[in-house]
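J.: In the working numbering, the protein residues as written are 3 to 395.
Positions of the beta carbon are idealized from the N, C-alpha and C atoms, including for glycine.
This structure is a prediction, so every number in the text was calculated from the model and none was measured.
Take a look at this one; I'll ask things after.
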Ligand SMILES: *Cc1c(COP(=O)(O)O)cnc(C)c1O
């Protein structure tokens with residue numbers, strides 16, 4: 003017989019990395035409420051609230067908007083398996099870790115994956131995107147709007163316009179942007195957008211919001227053959243959530259409560275105020291980092307993500323030790339780099355809850371102490387520079 007175990011007591015970390023981000027207290031309260039069954043009318047009221055409010059964050063009038071059971075990668079897998087058929091030419095704009103994951107899922111799906119590569123930290127220009135699409139004439143195009151591994155924003159309007167000229171569908175990974183900055187599904191022309199809930203929506207990981215344009219929906223509804231995945235089959239999910247509420251799988255009820263509350267918090271703040279809070283937090287953070295003598299990884303300020311800030315680890319400094327000290331002495335988590343950028347950058351997230359003056363100052367203070375302990379001489383005070391930005395706002 004195993005021994006009795008004591009009550010769970012998790013450490014209180016302040017999450018300012020690449021995700022998950024901090025959970026809003028109202029979300030935790032929602033999650034403590036008793037569950038109903040997956041066929042209870044109450045659950046469908048909750049999913050209807052979610053549908054309406056997700057549409058605001060997505061910037062869409064799409065009728066088809068729901069949340070897939072699973073994390074952001076589940077949304078990615080759903081988007082690709084439902085819209086890319088084996089043998090299809092699938093053009094992926096690749097400039098980071100998550101673009102590579104899209105290519106990998108495409109490869110496993112049997113697609114003819116064609117990559118258009120840019121260095122990590124840069125994006126394809128409008129002209130590059132357009133000429134690649136007109137040259138390749140793919141069935142489906144994918145790009146990552148907010149690349150969490152590098153901190154860059156890929157504007158997608160010209161890319162979507164070119165894709166539609168050759169009648170291709172566009173899949174966009176909006177995992178990190180949703181809830182933190184305008185996603186603009188409709189204005190951009192994105193056909194399939196997917197996201198997660200543990201970054202900008204201040205929930206724990208477990209759901210993946212997805213939205214389909216009228217054209218994507220038409221293609222889905224016209225599909226005659228069954229696709230190989232059952233769990234992520236959007237036609238079946240549509241029948242469960244929308245149509246006759248036919249059992250498909252037992253929806254993770256508690257996660258839906260969480261997402262509803264996360265979206266309620268956003269509605270209360272106002273989505274535009276929330277975007278502005280992230281923009282301001284970003285400006286203050288960058289001012290602080292630069293005052294300390296650090297260099298942002300994304301050189302063009304116009305394509306920096308407000309909620310995910312990548313900053314270079316100074317030469318000769320052990321970034322892992324800096325992050326460990328921040329965690330152990332300040333209880334703040336930030337992330338390191340991935341792949342090509344491993345040990346070269348810090349990734350500082352201000353997604354949702356953390357994008358506030360006091361949190362940004364606390365982070366800058368902790369980072370300053372941790373960098374000094376590793377032998378880095380900071381130039382000027384980061385907190386003072388950040389305070390100035392807040393004071394002049
Ligand atoms: C986090 C992330 C994902 C994957 O989401 P998971 O929730 O970890 O499955 C996909 N794309 C981007 C851009 C991300 O930041």
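What does DSSP give as the partner residue(s) for residue 211 in the beta ladder?
T.: BP columns for residue 211 point to 69.
J.: I think residue 356 touches residue 23, with their Cβ atoms under 8 Å apart; what is that distance to the nearest whole Å?
T.: Contact holds; Cβ gap of about 7 Å.
J.: At a cut-off of 6 Å, would you count residue 74 as near ligand 1, judging by its Cβ distance to the nearest heavy atom?
T.: True, at least one ligand heavy atom lies under 6 Å from that Cβ.
J.: Who are the Cβ neighbours of residue 290 in its own chain at under 6 Å, not counting the five residues just before and after it?
T.: Answer for residue 290: 366, 384, 387, 388, listed in chain order.
J.: Do residue 245 and residue 19 have their C-beta atoms closer together than 7 Å?
T.: It is not a contact, given that the beta carbons lie outside the stated cut-off.
J.: Should residue 3 be labelled buried (16 or more other beta-carbon atoms within 10 Å of its own) or exposed?
T.: So residue 3 counts as exposed.
J.: If distances are taken between C-alpha atoms only, which option among 186, 86, 153 comes closest to residue 349?
T.: Looking at the Cα atoms, 153 is the closest of the given residues.
J.: With the cut-off set at 7 Å, would you say residue 202 and residue 353 are in Cβ contact?
T.: Yes.
J.: For a test of the three-state rule: what should DSSP assign to residue 37, helix, strand or coil?
T.: Three-state result, residue 37: coil.
J.: Does DSSP classify residue 320 as helix, strand or coil?
T.: Residue 320: coil per DSSP, three-state reduction.
J.: Which of the three DSSP states is assigned to residue 180 in this structure?
T.: Three-state DSSP puts residue 180 in coil, outside helix and strand.
J.: If I measure Cβ to Cβ from residue 100 and keep anything under 7 Å in the same chain, skipping five residues before and after, which residues do I get?
T.: The residues are 146, 149, 150, 151, 175.
J.: Taking DSSP as the reference, what is the three-state secondary structure of residue 237?
T.: Of the three classes helix, strand and coil, the one that applies to residue 237 here is helix, per DSSP.
J.: Could you tell me the alpha carbon to alpha carbon distance between residue 113 and residue 79, rounded to whole angstroms?
T.: Taking the straight line joining both Cα atoms gives about 13 Å.
J.: So the beta strand (DSSP E) residue 96 belongs to, where does it begin and stop?
T.: Note, residue 96: beta strand (DSSP E), 91-96.
J.: Assuming residue 143 is part of the beta strand (DSSP E), what are its boundary residues?
T.: It spans 142-146 - the beta strand (DSSP E) in which residue 143 sits, taken as one unbroken run.
J.: What residue from 324, 345, 235, 66 has the CA that sits closest to residue 368's CA?
T.: The shortest Cα separation from residue 368 among 324, 345, 235, 66 belongs to 324.
J.: Should residue 86 be listed as close to ligand 1, given that the test is whether its C-beta is under 6 Å from any heavy atom?
T.: False, no ligand heavy atom lies under 6 Å from that Cβ.
J.: Who are residue 298's beta bridge partners in DSSP?
T.: BP columns for residue 298 point to 313.
J.: Excluding five sequence neighbours on each side, which residues of the same chain lie with their C-beta closer than 6 Å to the C-beta of residue 372?
T.: So the qualifying residues of the chain are 324, 327, 328.
J.: Ligand 1 heavy atoms versus the CB of residue 196: any closer than 6 Å?
T.: For ligand 1, not one heavy atom lies less than 6 Å from the Cβ of residue 196.
J.: Report yes or no: do the region 242-262 and the region 91-105 share at least 3 C-beta pairs separated by less than 8 Å?
T.: With the cut-off at 8 Å, the region 242-262 and the region 91-105 do not touch.
J.: Which residues in the same chain as residue 66 place their Cβ atom closer than 6 Å to its Cβ, once the five residues preceding and following it in sequence are excluded?
T.: 214, 219, listed in sequence order.
J.: Using a 10 Å radius around the Cβ and a threshold of 16 neighbouring Cβ atoms, would you call residue 97 buried or exposed?
T.: With 16 or more other Cβ atoms within 10 Å, it is buried.
J.: Please state the DSSP three-state secondary structure of residue 108.
T.: Residue 108 falls in the helix class under three-state DSSP.
J.: What residues are listed by DSSP as bridge partners for residue 16?
T.: BP columns for residue 16 point to 334.
J.: Please check the pair residue 380 and residue 295, which I expect to be a contact at CB under 8 Å, by giving their CB distance rounded to whole angstroms.
T.: About 6 Å separates the two Cβ atoms, so the contact holds.
J.: If I'm right that residue 83 touches residue 47 with Cβ under 8 Å, what's the distance once you round it to whole angstroms?
T.: Residue 83 to residue 47, Cβ: 29 Å. No contact.
J.: When you measure from the CB of residue 177 to every non-hydrogen atom of ligand 1, does any distance come out below 6 Å?
T.: Flag set: Cβ of residue 177 near ligand 1.
J.: How about residue 63 and residue 140: are their beta carbons less than 7 Å apart?
T.: For residue 63 and residue 140, no; Cβs fall outside 7 Å.
J.: Residue range of the alpha helix (DSSP H) that residue 363 falls in?
T.: First-last of the alpha helix (DSSP H) with residue 363: 359-375.
J.: Using the Cβ count rule (16 or more neighbours within 10 Å means buried), how would you classify residue 134?
T.: Its Cβ being crowded by 16 or more others within 10 Å, residue 134 is buried.
J.: Could you check whether residue 335 and residue 17 sit closer than 7 Å to each other, using their CB atoms as the reference points?
T.: Yes, the Cβ-Cβ distance between residue 17 and residue 335 is below 7 Å.
J.: Does ligand 1 have even one heavy atom less than 6 Å from the beta-carbon of residue 150?
T.: Residue 150: yes, Cβ under 6 Å from ligand 1.
J.: Residues in the same chain with beta-carbon distance under 6 Å from residue 238, minus the five sequence neighbours each way, listed in chain order, please.
T.: The answer, listed in chain order, is 250.
J.: If we call anything under 7 Å between Cβ atoms a contact, is residue 370 one with residue 319?
T.: Going by C-beta atoms, residue 370 is not nearer than 7 Å to residue 319.
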